[in-house]
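*Asks:* Here the protein sequences line up with chains A and B, keeping their order.
Just so you know, we're using this note's numbering here: the first sequence kicks off at 1 and counts up by one.
Just so you know, we're using this note's numbering here: the second sequence kicks off at 1 and counts up by one.
Ideal Cβ placement from N, Cα and C applies to all residues, glycine included.
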Amino acid sequence: MPKIQDKFKELKSKNEKALISYIMTGFPNENTTLSIVRGLVNGGTDIIELGFPFSDPIADGPVIQNASTISLNKGAKIEKFFRIVKKIRKETDIPLILMTYTNVLYTHGYTKFMSRVKKSGIDGLILPDMSIEESKDYLKSAKKNNLDTIFLVSPNTNNTRLRKIVKASTGFLYMVAVFGTTGVQTKIHKYTIDSIKNAKKIVGNKLPIGIGFGVSTPSDVKKYVSVGVDAVIVGSANLNIIENTPPSKLQKRITEYTKKLKRSTRVGKAT
Amino acid sequence: MKIGMPKDGRFGDFGGKYIPETLVPAIEELEENYQKFKNDKSFQKEFDYYLKNYAGRPTPLYFAENLTKFVGGAKIYLKREDLLHGGAHKINNTLGQALLAKRMKKKRIIAETGAGQHGVATAMACSCLGLPSEVYMGYKDTVRQRQNVFRMDLLGCKVYPVKSGSQTLKDAINEAIRDWITNVETTYYLLGSAVGPHPYPVMVRDFQSVIGKEIKQQMKNIPDTIIACVGGGSNAIGTFYPMIGNGVEMIGVEAAGQGLKTGKHSATLNAGKKGVLHGMMTYLLQDSDGQIKETHSISAGLDYPGVGPEHAYLKDTGNVKYKSATDREVINAFLTLTKTEGIIPALESAHAVSQAIKVAKTKSKSDSIVITLSGRGDKDIDIVKQYLEKNAKNSR
Ligand SMILES: Cc1ncc(COP(=O)(O)O)c(C=O)c1O
Numbered sequence: 001m002p003k004i005q006d007k008f009k010e011l012k013s014k015n016e017k018a019l020i021s022y023i024m025t026g027f028p029n030e031n032t033t034l035s036i037v038r039g040l041v042n043g044g045t046d047i048i049e050l051g052f053p054f055s056d057p058i059a060d061g062p063v064i065q066n067a068s069t070i071s072l073n074k075g076a077k078i079e080k081f082f083r084i085v086k087k088i089r090k091e092t093d094i095p096l097i098l099m100t101y102t103n104v105l106y107t108h109g110y111t112k113f114m115s116r117v118k119k120s121g122i123d124g125l126i127l128p129d130m131s132i133e134e135s136k137d138y139l140k141s142a143k144k145n146n147l148d149t150i151f152l153v154s155p156n157t158n159n160t161r162l163r164k165i166v167k168a169s170t171g172f173l174y175m176v177a178v179f180g181t182t183g184v185q186t187k188i189h190k191y192t193i194d195s196i197k198n199a200k201k202i203v204g205n206k207l208p209i210g211i212g213f214g215v216s217t218p219s220d221v222k223k224y225v226s227v228g229v230d231a232v233i234v235g236s237a238n239l240n241i242i243e244n245t246p247p248s249k250l251q252k253r254i255t256e257y258t259k260k261l262k263r264s265t266r267v268g269k270a271t
Numbered sequence: 001m002k003i004g005m006p007k008d009g010r011f012g013d014f015g016g017k018y019i020p021e022t023l024v025p026a027i028e029e030l031e032e033n034y035q036k037f038k039n040d041k042s043f044q045k046e047f048d049y050y051l052k053n054y055a056g057r058p059t060p061l062y063f064a065e066n067l068t069k070f071v072g073g074a075k076i077y078l079k080r081e082d083l084l085h086g087g088a089h090k091i092n093n094t095l096g097q098a099l100l101a102k103r104m105k106k107k108r109i110i111a112e113t114g115a116g117q118h119g120v121a122t123a124m125a126c127s128c129l130g131l132p133s134e135v136y137m138g139y140k141d142t143v144r145q146r147q148n149v150f151r152m153d154l155l156g157c158k159v160y161p162v163k164s165g166s167q168t169l170k171d172a173i174n175e176a177i178r179d180w181i182t183n184v185e186t187t188y189y190l191l192g193s194a195v196g197p198h199p200y201p202v203m204v205r206d207f208q209s210v211i212g213k214e215i216k217q218q219m220k221n222i223p224d225t226i227i228a229c230v231g232g233g234s235n236a237i238g239t240f241y242p243m244i245g246n247g248v249e250m251i252g253v254e255a256a257g258q259g260l261k262t263g264k265h266s267a268t269l270n271a272g273k274k275g276v277l278h279g280m281m282t283y284l285l286q287d288s289d290g291q292i293k294e295t296h297s298i299s300a301g302l303d304y305p306g307v308g309p310e311h312a313y314l315k316d317t318g319n320v321k322y323k324s325a326t327d328r329e330v331i332n333a334f335l336t337l338t339k340t341e342g343i344i345p346a347l348e349s350a351h352a353v354s355q356a357i358k359v360a361k362t363k364s365k366s367d368s369i370v371i372t373l374s375g376r377g378d379k380d381i382d383i384v385k386q387y388l389e390k391n392a393k394n395s396r
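(1) Alpha carbon to alpha carbon, what distance is there between Lys38(B) and Pro199(B)?
(2) What residue does the beta strand (DSSP E) around Arg80(B) start on, and which one ends it?
(3) State the DSSP-derived secondary structure class of Val227(A), mapped to helix, strand or coil.
(4) Report the three-state DSSP secondary structure of Pro60(B) (helix, strand or coil).
(5) Using a Cβ-Cβ cut-off of 7 Å (strictly less than) and excluding sequence neighbours within five positions of Glu81(B), which residues of its own chain qualify?
(6) Could you tell me whether any Cβ in chain A is nearer than 7 Å to the Cβ of Ile19(B)?
(7) Can the beta-carbon of Phe221(A) be found less than 7 Å from the beta-carbon of Val232(A)?
(8) With respect to the beta strand (DSSP E) encompassing Asp148(A), which residues constitute its N-terminal and C-terminal limits?
(9) Output yes if chain A places a C-beta closer than 7 Å to the C-beta of Gln291(B); else output no.
(10) Can you find a heavy atom of ligand 1 that lies under 6 Å from the Cβ of Asn235(B)?
(11) Could you check what DSSP says for Phe11(B) in three-state terms: helix, strand or coil?
(12) Given that Arg178(B) touches chain A, what residues does it touch there, using C-beta distances under 7 Å?
(13) In the DSSP assignment, what residue or residues form a beta bridge with Val159(B)?
(14) Considering only C-alpha positions, which residue in the set His296(B), Asp378(B), Ser364(B) and Lys293(B) is nearest to Gly73(B)?
(15) Give me the Cα-Cα distance between Ala352(B) and Tyr62(B), rounded to the nearest whole angstrom.
(16) Could you compute how far the alpha carbon of Ser169(A) sits from the alpha carbon of Glu249(B)?
(17) Over what stretch of residues does the alpha helix (DSSP H) that includes Leu105(A) continue unbroken?
(18) For Leu285(B), which option in Lys102(B), Ala255(B) and Ile298(B) has the closest C-alpha, if you only look at C-alpha atoms?
(19) Got a sec? Which residues, its chain only, sit under 6 Å from Thr326(B) by beta carbon, not counting five neighbours each side?
(20) Compare the C-beta of Asn332(B) against all C-beta atoms of chain A and say whether one is closer than 7 Å.
(21) Which same chain residues, not among the five before or five after Pro62(A), have their C-beta less than 8 Å away from its C-beta?
(22) Under DSSP, the alpha helix (DSSP H) around Ala350(B) begins and ends at which residues?
(23) So, Gly301(B) versus Glu348(B), is the Cβ gap smaller than 7 Å?
(24) Using the C-alpha atoms, what's the distance from Pro2(A) back to Ser226(A)?
(25) With which residues is Glu49(A) paired in a DSSP beta bridge?
(26) Could you run through the stretch 68-95 of chain A and flag, in chain order, every residue whose CB is less than 7 Å away from some CB of chain B?
(27) Could you tell me whether the stretch 114-130 of chain A touches the stretch 249-260 of chain A, where touching means 3 or more Cβ pairs closer than 8 Å?
(28) For a quick check, are the C-beta atoms of Thr182(B) and Phe179(A) less than 7 Å apart?
(29) Where DSSP assigns a beta bridge to Val370(B), which residues make up the other side?
(30) What would DSSP say about Lys9(A), mapped onto helix, strand or coil?
(31) State yes or no: is the beta carbon of Ile10(A) nearer than 7 Å to at least one beta carbon in chain B?
(32) Is any beta-carbon of chain A found at less than 7 Å from that of Thr59(B)?
(33) Closer than 7 Å by C-beta to Leu131(B): which residues in its own chain qualify, once you throw out the five before and the five after it? Chain order, please.
(34) By the DSSP assignment, the alpha helix (DSSP H) with Phe122(A) in it spans what residues?
(35) Counting along the chain, where does the beta strand (DSSP E) carrying Glu23(B) start and finish?
(36) Would you say the beta carbon of Val230(B) is closer than 6 Å to some non-hydrogen atom of ligand 1?
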């Protein structure tokens, strides 16, 4: 069974929701990435999203933009990325997702790129600028290589479209919490809660639903879990910690933060 | 496929809509409304009214007799888009889109700008139609085209300098897209060239096609050659589109900057590879990992690593030839046109002039060449002055 699907099944049996942690590879440098991953794994995260930088990340706010720029300035290359993934794979079999932009795949050729991705040990992909209309070749190559294709839906996605996106998605459905780019938010909007409830009705048991963009505190996690999401995705908040913590303390700090978030995903027997 | 008739928003392989999901409803709404109003008589009438009475259309087609004599070859004509209100062809598109935005009941207009001409044209169209406007502009461009920043200020338009990436047009588009994602329910994104996700490339082309249509009416005979500069490609596609299939030689001119071999240029069609940026598949200047490269041009308006998808298609089909002109050639053309005709062209437009001079020399006196003079050069006076002073110093 695909690893991401497996993970959701395992969590369900434990009455837990998934914590998905995003980081940017090569930020603040290549060597640190591995220790950050260890920090996340030790903290109990369930799935890791590894960002590969793109020069023009239109769906990202200042925090991830900055991390992308730094990673690129330090010489991020797709070959290096694959090497990092292989190193991570030697230490853990946690599900790994590559998050990047369409042009990175397109340039290398979907088919060739996906087989490299698979071989390196990645389980799925997220491309925030890949709309389902343009996804035919992408889906074909992903399927051939047994890679999950995780599409995003937005608070303004209508139900007809939502159904189409669910059809193209495997692994989980990525719900964008806000009208906006990635980044830490200070409040949870009512429209977000409404769209989660609506999506749950439409999606049913077909796919787990993850919520991301702006999630950063244990209380965010609790709130989203209470309205029934299957996963919470935390990104910019991790990068803020990475940016503001001295290297010697980073791994431990990441573990502590991740533990706190993970605790809030445990639903207990109540549900 | 009939040329220029996009199916599913595609010109062959090019175009499409590679966009974050949040923008999909907005793009669909835009497409629907554009289809509706495109053929709506009252919309067209209103558009024509503003083009004529506000922007100053039709623009003259001027026989550049002195330049023709100076070059000594084909007859050179200038399509005088530089005489339009605001000083460039950009107003054709901004009036069209601002009128559309108004009919769509949008309350807030955002735009990007490179040279500042599209920003100014947006601010003007919005002032005229009573809409508030906000413009993103690369920080580097706010410095080299500061006069246009002040013009936008005066017009009541808010200008946001963009300090990310290369701080030029590409980054201004990124920031405008991010704003649009954030304020998608209230905001209309008034894109300034024939780029971006479908339907922008088609819509901008249609609004700019008034250039080519007028040329057809104004020339007694179809010209032998027609030349326009290509940044994103809006003045060029507006010039070429009505001419496709008429046997006219069409040449688009890109910015070769310091030379194609130096890597410091923005000649996307001459040196780019296929890829996806700003919602479209097109030719891009990029590295082997698909990272977009920094571009260079003396003209801010051509300083862009992508190009409109219809141009990518017209290049591949061979319908249009795409050449390039270096900064040095452009300055020379700028000076030549200024001295021979008393017309100071925008540095963007001077790219087309440079190519026209080259081509005219090789043709006979009975041949005719039309240059789309996309804008006037007042905004570029400081840049030209600096360039000349620097070169005088270097040659001393
Ligand atoms: C005078 C002028 N010409 C040409 C351009 C390039 O744009 P496009 O290729 O869309 O016509 C610009 C852009 O700023 C401009 O100001």
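*Replies:* This is what the structure holds:
(1) Position 199 of the second sequence holds residue 199(B). Position 38 of the second sequence holds residue 38(B). Each residue's Cα considered, the two are about 12 Å apart.
(2) Here the question's residue 80(B) lines up with position 80 in the second sequence. Where Arg80(B) is concerned, the enclosing beta strand (DSSP E) stretches over Lys75 to Arg80.
(3) Along the first sequence, one-based indexing puts residue 227(A) at 227. Looking at Val227(A) - three-state DSSP - the assignment turns out to be coil, as it is neither helix nor strand.
(4) To locate residue 60(B), count along the second sequence from 1; it is residue 60. Coil at Pro60(B), not helix or strand.
(5) By one-based count along the second sequence, residue 81(B) stands at place 81. Once the five neighbours on either side are set aside, the close Cβ partners of Glu81(B) are Thr59, Ala88, His89, Ile211, Asn235, Thr372, Leu373, Ser374 and Gly375.
(6) As a first step, residue 19(B) must be located in the second sequence, where it is residue number 19. Yes - at least one Cβ of chain A is within 7 Å of the one on Ile19(B).
(7) Translated into positions along the first sequence, residue 221(A) becomes position 221. Translated into positions along the first sequence, residue 232(A) becomes position 232. Inspection of the sequence shows that residue 221(A) is occupied by Val rather than by Phe. Cβ atoms of Val221(A) and Val232(A): closer than 7 Å.
(8) As a position in the first sequence, residue 148(A) is number 148, starting the count at 1. Residues Asp148 to Ile150.
(9) Along the second sequence, read from residue 1 onward, the residue named residue 291(B) stands at position 291. True, the Cβ-Cβ gap to chain A drops below 7 Å.
(10) The residue you call residue 235(B) lines up with position 235 of the second sequence. Correct: Asn235(B) has its Cβ closer than 6 Å to ligand 1.
(11) The count along the second sequence starts at 1 and reaches residue 11(B) at position 11. It is a strand residue.
(12) Here residue 178(B) refers to the residue found at position 178 when the second sequence is read from its first residue. Chain A residues near Arg178(B): Ile58 and Thr181.
(13) Walking along the second sequence from the start, residue 159(B) turns up at place 159. For Val159(B), which the question treats as bridged, DSSP gives the partners Val135(B).
(14) Position 73 of the second sequence holds residue 73(B). Selected option, being the one with the closest Cα: Ser364(B).
(15) The residue labelled residue 352(B) in the question sits at position 352 within the second sequence. The residue labelled residue 62(B) in the question sits at position 62 within the second sequence. Rounded to the nearest angstrom, the two C-alpha atoms are 15 Å apart.
(16) Translated into positions along the first sequence, residue 169(A) becomes position 169. Translated into positions along the second sequence, residue 249(B) becomes position 249. Approximately 47 Å between the Cα atoms of the pair.
(17) Residue numbering aside, residue 105(A) sits at position 105 when the first sequence is read from its first letter. Start and end: Thr102 to His108.
(18) As a first step, residue 285(B) is located in the second sequence; it is residue number 285 there, counting from the start. Looking at the Cα atoms, Ala255(B) is the closest of the given residues.
(19) Position 326 of the second sequence holds residue 326(B). Excluding positions up to five away in sequence, the list reads Ala256 and Gly259.
(20) Translated into the one-based positions of the second sequence, residue 332(B) becomes position 332. With 7 Å as the cut-off, Asn332(B) does not count as an interface residue toward chain A.
(21) Looking up residue 62(A) in the first sequence gives position 62. Excluding sequence neighbours, Pro62(A) sits near Gly183.
(22) Mapped onto the second sequence, residue 350(B) falls at position 350. Run containing Ala350(B): Leu347 to Lys361, per the alpha helix (DSSP H) assignment.
(23) As a working note, residue 301(B) is residue 301 in the second sequence. As a working note, residue 348(B) is residue 348 in the second sequence. Yes, Cβ-Cβ distance for Gly301(B) and Glu348(B) is below 7 Å.
(24) In the first sequence, the residue the question calls residue 226(A) occupies position 226. In the first sequence, the residue the question calls residue 2(A) occupies position 2. Their Cα atoms are separated by approximately 27 Å.
(25) In the first sequence, residue 49(A) corresponds to position 49, counting from 1. BP columns for Glu49(A) point to Tyr22(A) and Ile97(A).
(26) Leu72, Lys77 and Ile78
(27) no
(28) Position 182 of the second sequence holds residue 182(B). Position 179 of the first sequence holds residue 179(A). Against a cut-off of 7 Å, the Cβ pair of Phe179(A) and Thr182(B) comes out as a contact.
(29) Taking the first residue of the second sequence as 1, we reach residue 370(B) at position 370. In the DSSP output, where bridge partners are listed per residue, Val370(B) has Tyr77(B) and Ile226(B).
(30) For this step, residue 9(A) is matched to residue 9 along the first sequence. Lys9(A) falls in the helix class under three-state DSSP.
(31) Position 10 of the first sequence holds residue 10(A). According to the sequence provided, residue 10(A) is Glu. The question's Ile does not apply to it. Answer no: the Cβ-Cβ gap between Glu10(A) and chain B never drops below 7 Å.
(32) In the second sequence, counting from the first residue as 1, residue 59(B) sits at position 59. Chain A, which has no Cβ nearer than 7 Å to the Cβ of Thr59(B), makes this no.
(33) Here residue 131(B) corresponds to residue number 131 of the second sequence, with the count starting at 1. Around Leu131(B): Ala98, Ala101, Lys102 and Ile109.
(34) Looking up residue 122(A) in the first sequence gives position 122. Correcting the residue identity first, residue 122(A) is Ile in this sequence and not Phe. Neither: Ile122(A) is in no alpha helix (DSSP H) and is coded neither H nor E.
(35) Here the question's residue 23(B) lines up with position 23 in the second sequence. The identity of residue 23(B) in the sequence shown is Leu, whereas the question assumes Glu. Leu23(B) -> no beta strand (DSSP E), and no H or E assigned at all.
(36) Here residue 230(B) refers to the residue found at position 230 when the second sequence is read from its first residue. Yes, the Cβ of Val230(B) comes within 6 Å of a heavy atom of ligand 1.
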